[in-house]
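K.L.:
The structure follows.
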Amino acid sequence: MDLLAPYDVTGVTILGRADGQKWPLAYTFLFSTDGVNFSPLLDTRDGGKWMSFDGNTNRYTPVTSNFTAVTSRWIRLFI
């Protein structure tokens with residue numbers, strides 16, 4: 001997703017599909033300032049491994065994950 005300009009991103013909210021019984025169970029957040037080189041959020045408490053976030057339990061309820069601000073123009077979610 002292109003945010004069109006750099007922003008300090010502090011979280012993401014996800015939701016299941018409106019047209020079916022599908023929703024993400026977990027995801028990883030990646031960010032970029034140039035749209036080419038993407039970096040994952042790293043969990044410094046777990047040896048610098050990629051942070052994984054819990055997803056939804058149904059398609060109706062939004063789930064928000066907050067994290068320390070990262071400056072990003074482009075965002076990718078690996079689901």
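Numbering of the sequence shown is given in the UniProt record's numbering, commencing with residue 1 and proceeding in unit increments.
Glycine included, each C-beta is placed from N, C-alpha and C at the ideal position.
Small disclaimer: the values here were computed from a predicted structure and weren't measured.
#1: For T71 and N58, I'd like the C-alpha separation in whole angstroms.
#2: Looking at the unbroken beta strand (DSSP E) that takes in N66, where does it start and where does it end?
#3: Measure from the C-beta of N56 to each C-beta in chain C and report whether the shortest distance is under 8 Å.
#4: So F67 and L30 are supposed to be a Cβ contact under 8 Å. How far apart are they, rounded?
#5: Compute the beta-carbon to beta-carbon distance between W74 and S39, rounded to the nearest angstrom, for a pair I have assumed lies under 8 Å.
#6: Considering only the beta carbon of each residue, do T28 and S52 sit closer than 8 Å?
#7: My parser needs the beta strand (DSSP E) runs of 3 or more residues fully inside the segment 8–46; what are they?
#8: Out of L15, G20 and P24, state which residue places its alpha-carbon closest to the alpha-carbon of P62.
P.N.:
Result, derived from the coordinates:
#1: 30 Å
#2: V63 to F78
#3: Protein chain content of the structure displayed is limited to a single chain, and chain C is not contained in it.
#4: With 8 Å as the limit, F67 and L30 do not qualify as a contact, their Cβ atoms being about 12 Å apart.
#5: Contact flag wrong, Cβ pair sits at about 11 Å.
#6: yes
#7: 26–32
#8: L15
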